[in-house]
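In this note's numbering, the protein residues as written are 386 to 554.
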């Protein structure tokens, strides 16, 4: 990435925004920018198969699962609402890529399974995404990748704690 794509705040940022941290803001802005770029690249690959990145992730979750999944379990792994997950499952089901069946003992519950067609499609786009991930992260050695994962986990924990405090207060 060229220097022009890096996001930095103004030198007087903390003066203009008392209580703010220029470093924290730059971290957040650069993380969002980078995540958006990754999603764009993934969208390019999944789009070649008529899928959004979210649809590709749903198929991947189901392909990796040994058992049918509840829509709520799928939604918990996505960064979209449960209502959006339902809409996404509707479109995947119409395409014959997943099936939804009523739970055998609880009629309020539904289980979602990937179809043969969905699994075959997943085997087409996932290898390409995984090859590209190697390319995207080639500038990081194994130690840097492990450190990045640890930092991201710490940030996720911090965000979860902040959400919990907001809900409790």
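Glycine residues also receive a C-beta, built at the ideal position from the N, C-alpha and C atoms.
None of the values given here were measured: they were computed from a predicted structure.
The C-alpha of residue 443 is placed about 13 Å away from the C-alpha of residue 466. Across the structure, residue 552 and residue 546 are spaced so that their CA atoms are roughly 10 Å apart. The Cβ atoms of residue 473 and residue 503 do not sit closer than 8 Å to each other. For residue 443, the uninterrupted alpha helix (DSSP H) run begins and ends at 438–449, by DSSP. Comparing alpha carbon positions, the residue from 533, 525, 424 closest to residue 438 is 424. Residues of the same chain with a CB within less than 7 Å of the CB of residue 459, apart from the 5 flanking positions on each side, are 443, 446, 470, 497 in chain order. As the crow flies, the alpha-carbon of residue 517 is around 43 Å from that of residue 490. Counting of Cβ neighbours within 10 angstroms places residue 440 among the buried residues, the total reaching 16 or more. Judged by DSSP in its simplified three-state form, residue 532 adopts helix. Here residue 488 has 494, 495, 496 as same chain residues with Cβ atoms under 8 Å from its own Cβ, once five neighbours each way along the sequence are excluded. Under the criterion of beta carbons closer than 8 Å, residue 510 and residue 430 qualify as touching, at roughly 6 Å.
Counting only the Cα atoms, residue 397 lies some 13 Å from residue 404. By the neighbour-count criterion, in which a residue is buried when 16 or more other Cβ atoms sit within 10 angstroms of its Cβ, residue 436 is buried. Annotation for residue 407: 394, 398, 399 place their beta carbon closer than 7 Å to its own, counting only its chain and skipping 5 residues before and after. The beta-bridge partner set that DSSP reports for residue 496 consists of 486. In the same chain as residue 410, and ignoring 5 residues on each side of it, the C-beta atoms closer than 6 Å to its own belong to 394, in chain order.
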